[in-house]
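Enquirer:
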Amino acid sequence: MRYISTRGTAPALTFEQAMLTGLARDGGLYVPEVVPTLTHAQIAAMAGQTYEDVAFDVMRPFIGDTFTDDEFRKLIAQAYAGFGHAARAPLVQLDANHFLLELFHGPTLAFKDFAMQLIGQMFQAALSRSGERVTIVGATSGDTGSAAIEAFRGLEAVDVFILYPHGRVSEVQRRQMTTPTESNVHALAVDGDFDDCQAAVKDMFNDFAFRDDVRLAGVNSINWGRVLAQVVYYFTAAVSLGAPHRQVSFTVPTGNFGDIFAGYIARQMGLPIADLVVATNRNDILHRTLETGAYTKQGVMPTISPSMDIQISSNFERALFDAYGRDGAAVATQMADLKNGGFQISQGAYQMLKETFKSGRASEEQTTAAIRRYRANHGELLCPHTAVGVHVAESYLGTTPMVTLATAHPAKFPDAVKDATGITAPLPPRMADLYDRPERVTRVSADLATLQAVIKERINQ
Ligand SMILES: *Cc1c(COP(=O)(O)O)cnc(C)c1O
Numbered sequence: 001m002r003y004i005s006t007r008g009t010a011p012a013l014t015f016e017q018a019m020l021t022g023l024a025r026d027g028g029l030y031v032p033e034v035v036p037t038l039t040h041a042q043i044a045a046m047a048g049q050t051y052e053d054v055a056f057d058v059m060r061p062f063i064g065d066t067f068t069d070d071e072f073r074k075l076i077a078q079a080y081a082g083f084g085h086a087a088r089a090p091l092v093q094l095d096a097n098h099f100l101l102e103l104f105h106g107p108t109l110a111f112k113d114f115a116m117q118l119i120g121q122m123f124q125a126a127l128s129r130s131g132e133r134v135t136i137v138g139a140t141s142g143d144t145g146s147a148a149i150e151a152f153r154g155l156e157a158v159d160v161f162i163l164y165p166h167g168r169v170s171e172v173q174r175r176q177m178t179t180p181t182e183s184n185v186h187a188l189a190v191d192g193d194f195d196d197c198q199a200a201v202k203d204m205f206n207d208f209a210f211r212d213d214v215r216l217a218g219v220n221s222i223n224w225g226r227v228l229a230q231v232v233y234y235f236t237a238a239v240s241l242g243a244p245h246r247q248v249s250f251t252v253p254t255g256n257f258g259d260i261f262a263g264y265i266a267r268q269m270g271l272p273i274a275d276l277v278v279a280t281n282r283n284d285i286l287h288r289t290l291e292t293g294a295y296t297k298q299g300v301m302p303t304i305s306p307s308m309d310i311q312i313s314s315n316f317e318r319a320l321f322d323a324y325g326r327d328g329a330a331v332a333t334q335m336a337d338l339k340n341g342g343f344q345i346s347q348g349a350y351q352m353l354k355e356t357f358k359s360g361r362a363s364e365e366q367t368t369a370a371i372r373r374y375r376a377n378h379g380e381l382l383c384p385h386t387a388v389g390v391h392v393a394e395s396y397l398g399t400t401p402m403v404t405l406a407t408a409h410p411a412k413f414p415d416a417v418k419d420a421t422g423i424t425a426p427l428p429p430r431m432a433d434l435y436d437r438p439e440r441v442t443r444v445s446a447d448l449a450t451l452q453a454v455i456k457e458r459i460n461q
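For the sequence shown, my numbering gives the first residue as 1, with consecutive numbering after it.
(1) Secondary structure at His287, three-state DSSP: helix, strand or coil?
(2) Just checking Ser305 against ligand 1 - is the residue's beta carbon closer than 8 Å to any of the ligand's heavy atoms?
(3) Buried or exposed for Ala406, going by 16 or more other Cβ atoms inside 10 Å?
(4) Per DSSP, what are the beta-bridge partners of Phe161 in this structure?
(5) In the DSSP assignment, find the unbroken beta strand (DSSP E) run with Thr91 in it and report its ends.
(6) Starting from Val441, trace the alpha helix (DSSP H) in both directions and tell me its first and last residue.
(7) Rounded to whole angstroms, how far is the Cβ of Asn283 from the Cβ of Ile222, which I believe are closer than 8 Å?
(8) Can you give me the start and stop residues for the alpha helix (DSSP H) that Leu228 sits inside?
(9) May I ask you to check if the CB of Asn256 is nearer than 8 Å to at least one heavy atom of ligand 1?
(10) Looking at Gly328: is its Cβ nearer than 9 Å to the Cβ of Thr9?
(11) Leaving out five residues before and five after Phe99 in sequence, what residues of the same chain have Cβ atoms less than 8 Å from its Cβ?
(12) Tell me the DSSP secondary structure of Ser395 in three-state form.
(13) Alpha carbons only, please: which of Asn97, Arg88 and Leu320 is nearest the one belonging to Leu109?
(14) Whole angstroms is fine: what's the gap from Pro465's alpha carbon to Tyr374's?
(15) Which first and last residues belong to the beta strand (DSSP E) in which Ile273 is found?
(16) Helix, strand or coil: which one does DSSP assign to Pro470?
(17) Work out the CA separation of Glu457 and Phe235 for me, nearest whole Å.
(18) Within a Cβ cutoff of 6 Å, which residues of the same chain sit near Leu29, ignoring the five residues on either side of it in sequence?
(19) Between Thr367 and the rest of its own chain, which residues show a CB-CB distance below 7 Å, the 5 nearest in sequence each way excluded?
(20) Per DSSP, Asp191 is paired with what?
(21) Going by the CB atoms, is the gap between Ile345 and Tyr264 shorter than 9 Å?
(22) Would you mind reading off the limits of the alpha helix (DSSP H) that contains Thr144?
(23) Between the beta-carbon of Thr135 and the beta-carbon of Lys112, is there less than 9 Å?
(24) For the stretch 11-27 against the stretch 62-70, do three or more pairs of beta-carbon atoms, one drawn from each stretch, fall closer than 8 Å, so that the two count as touching?
(25) When every heavy atom of ligand 1 is checked, does at least one fall within less than 8 Å of the C-beta of Asp259?
(26) Can you list, in chain order, the residues of its chain with a C-beta nearer than 8 Å to that of Thr37? Leave out the 5 residues immediately preceding and following it.
(27) Can you pull the DSSP bridge partners for Thr296?
(28) DSSP on Tyr324, reduced to helix/strand/coil?
(29) Hey, quick one: how far does the alpha helix (DSSP H) through Thr407 stretch, first residue to last?
(30) Among residues of its own chain, excluding the 5 on either side of Gly142, which ones have a beta-carbon nearer than 7 Å to its beta-carbon?
(31) Kindly indicate which three-state DSSP category Ala45 falls into: helix, strand or coil?
(32) Is the closest heavy atom of ligand 1 to the C-beta of Met308 under 8 Å?
(33) What is the rounded straight-line gap between the Cα of Ser363 and the Cα of Asn377?
(34) Let me check understanding here. Comparing Cα to Cα, which of Ala274, Val219 and Glu132 lies closest to Ala243?
(35) DSSP puts Ala453 in a beta bridge; with which residues?
(36) Does the beta-carbon distance from Leu353 to Leu320 come in below 9 Å?
Structural data, given as structure tokens:
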């Protein structure tokens, strides 16, 4: 299994290399050269299996010889051992044909833990074998950063720097990033928005001298390993609702297009997914693109679902690559136009995207109303991202079971939940002292040179 870049000119890599690298050297994202498929019988055999067993079956064809089967099973077991629910990703029924896939039982209460906990295990295993050290730099709108810090804290071969937009993450998110005491983790509060943080990280990857000097590695959702780990729960959810004998639809609260892209891969692998619905908040570039065929940036507006406050949706490039018939040069041209504000997708590529994804959008009022409605009518407390999802899902409900991804625990966004319902969602007991732990954070400007200097100084201590 080899991985190729969406911009067509970086060298093809193994799974291990693609995972440790993150962004390709031509600025593109790595994708599998060929997506492996599972047979109807292989998918049917997943019924009744543990999450870990399904995870092995789904991911094994992608990892080549990076790990032996025994090693890989062990890494998967360690990754999910700390989850607070035996099913890892339980389904809850909301209505006759509407289900919630709870992805918030990991250590930082958001779905990012599914990928990050496994990536942490895989990085550690690969690096301890080679004796190398890496510097992980990531941008976060809140949940990626807390999940990364939790997954990598205390690991010998890794320094982790997380850039988050100062003042634009929830207090729980911030505290999860600033309270770990291990000296290899560094939270950086950047003066800017999430796109500024993400742009700074991309610029660091494109500065090859710096990249090689600090041995830069990325764990943002551009990392293929992240996408891969998220493919698994589409299988566990669909199979428990009757797949492969029956079709299942999914609605996915979306920002960087990573989670929904994992659903697209699951479908390519042979899982019978009917609708794949992109749900955005008022930062709706993806919804507008699917409506109009024009990918045009607007400013990022803060919302009560901050993990989706994104305008430049990195993983969308992977979908574009397929939409353009895997023409890396065409993708590179479009991405260059993005620097000038946006681009028009060609007719053929747009057609493919329209056939592949459906979409919808929730305003702030609709999000709050959904939190209130699901509490009153279903007894469920939803985080605001999940509320965006159920609002959008409602317009696609029919006879096919619809699964909305519950991407975070309501206690991670207590203000939005309290405003809507009057209820303060309690933190799970293992985190109850989060508000009492001392914080450690460095405030920095979004300037590339300043950020690079801070990183170099810290890793040389
Ligand atoms: C990251 C995140 C999202 C968006 O996921 P993408 O993979 O970036 O599209 C949605 N909800 C929550 C709670 C998140 O943390």
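In this text, a Cβ means the ideal position worked out from N, Cα and C, and glycines have one as well. Since this is a predicted model, take the numbers as computed values, not measurements.
Expert: The structure says:
(1) Working through the sequence shown from its first residue, we reach residue 287 at position 287. In this structure, His287 counts as helix in the three-state DSSP scheme.
(2) Looking up residue 305 in the sequence shown gives position 305. Yes, the beta carbon of Ser305 sits closer than 8 Å to at least one heavy atom of ligand 1.
(3) As a working mapping, residue 406 is identified with position 406 in the sequence shown. It counts as buried.
(4) For the purposes of this step, residue 161 is taken as residue 161 along the sequence shown, with counting starting at 1. DSSP lists Val137 and His186 as partners of Phe161.
(5) Within the sequence shown, the letter at position 91 stands for residue 91. Looking at the sequence itself, residue 91 is Leu, so the reference to Thr does not match. Segment Leu91 to Asp95, the beta strand (DSSP E) holding Leu91.
(6) As a first step, residue 441 must be located in the sequence shown, where it is residue number 441. From DSSP, Val441 is part of no alpha helix (DSSP H); its letter is neither H nor E.
(7) Stepping through the sequence shown from its first residue, residue 283 is reached at position 283. Stepping through the sequence shown from its first residue, residue 222 is reached at position 222. About 19 Å separates the two Cβ atoms, so there is no contact after all.
(8) For the purposes of this step, residue 228 is identified with residue 228 of the sequence shown, where counting begins at 1. Run containing Leu228: Trp224 to Ser240, per the alpha helix (DSSP H) assignment.
(9) Position 256 of the sequence shown, counted from the first residue, corresponds to residue 256. True, at least one ligand heavy atom lies under 8 Å from that Cβ.
(10) Counting from one through the sequence shown, the residue named residue 328 turns up at place 328. Counting from one through the sequence shown, the residue named residue 9 turns up at place 9. Their beta carbons are under 9 Å apart, which means Gly328 touches Thr9 by this criterion.
(11) Locating residue 99 in the sequence shown gives position 99, counting from the first residue. Closer than 8 Å at Cβ, skipping near neighbours: Leu91, Val92, Gln93, Ala237, Leu241, Pro401, Met402, Val403 and Thr404.
(12) Residue mapping note: residue 395 aligns to position 395 of the sequence shown, counting from 1. In this structure, Ser395 counts as coil in the three-state DSSP scheme.
(13) The count along the sequence shown starts at 1 and reaches residue 109 at position 109. It is Arg88.
(14) The structure shown does not extend to residue 465, since the chain spans only 1 to 461, so no value can be given for it.
(15) One-based indexing of the sequence shown puts residue 273 at position 273. Counting along the chain, the beta strand (DSSP E) containing Ile273 begins and ends at Ile273 to Thr280.
(16) There is simply no residue 470 to check, as the chain begins at 1 and stops at 461 in what is shown.
(17) Numbered from 1 along the sequence shown, position 235 holds the residue referred to as residue 235. Numbered from 1 along the sequence shown, position 457 holds the residue referred to as residue 457. For Phe235 and Glu457, the distance between alpha carbons rounds to 44 Å.
(18) Sequence index remark: in the sequence shown, residue 29 carries index 29 (1-based). So the qualifying residues of the chain are Thr6, Ile222, Glu317 and Arg318.
(19) Residue mapping note: residue 367 aligns to position 367 of the sequence shown, counting from 1. Excluding sequence neighbours, Thr367 sits near Asn281, Ile304, Ser305, Pro384, Ala387, Val388 and His391.
(20) As a first step, residue 191 is located in the sequence shown; it is residue number 191 there, counting from the start. Asp191 is bridged to Ser445.
(21) Here residue 264 refers to the residue found at position 264 of the sequence shown. Here residue 345 refers to the residue found at position 345 of the sequence shown. Not in contact: Tyr264 and Ile345 (Cβ atoms no closer than 9 Å).
(22) Taking the sequence shown and counting its residues from 1, one reaches residue 144 at position 144. Element bounds for Thr144: Asp143 to Phe152.
(23) Locating residue 135 in the sequence shown gives position 135, where the first residue counts as 1. Locating residue 112 in the sequence shown gives position 112, where the first residue counts as 1. No, the Cβ-Cβ distance between Thr135 and Lys112 is not below 9 Å.
(24) yes
(25) Position 259 of the sequence shown, counted from the start, is the residue given in the question as residue 259. At least one heavy atom of ligand 1 is nearer than 8 Å to the Cβ of Asp259, so yes.
(26) Mapped onto the sequence shown, residue 37 falls at position 37. Result list for Thr37: Gln268, Met269 and Gly270, in chain order.
(27) As a working mapping, residue 296 is identified with position 296 in the sequence shown. Paired residue(s): Gly342.
(28) In the sequence shown, the residue the question calls residue 324 occupies position 324. Looking at Tyr324 - three-state DSSP - the assignment turns out to be coil, as it is neither helix nor strand.
(29) Position 407 of the sequence shown, counted from the first residue, corresponds to residue 407. Here Thr407 belongs to no alpha helix (DSSP H), and DSSP marks it neither H nor E.
(30) Counting from one through the sequence shown, the residue named residue 142 turns up at place 142. Taken in chain order, the residues that qualify are Tyr164, Val169, Ser170, Gln173, Pro306 and Ser307.
(31) Looking up residue 45 in the sequence shown gives position 45. Coil at Ala45, not helix or strand.
(32) The count along the sequence shown starts at 1 and reaches residue 308 at position 308. Yes - ligand 1 has a heavy atom lying nearer than 8 Å to the Cβ of Met308.
(33) As a first step, residue 363 is located in the sequence shown; it is residue number 363 there, counting from the start. As a first step, residue 377 is located in the sequence shown; it is residue number 377 there, counting from the start. In a straight line, the C-alpha of Ser363 is about 21 Å away from that of Asn377.
(34) The residue you call residue 243 lines up with position 243 of the sequence shown. The shortest Cα separation from Ala243 among Ala274, Val219 and Glu132 belongs to Ala274.
(35) In the sequence shown, counting from the first residue as 1, residue 453 sits at position 453. For Ala453, which the question treats as bridged, DSSP gives no partner whatsoever.
(36) Here residue 353 corresponds to residue number 353 of the sequence shown, with the count starting at 1. Here residue 320 corresponds to residue number 320 of the sequence shown, with the count starting at 1. Cβ distance < 9 Å, so Leu353 and Leu320 count as in contact.
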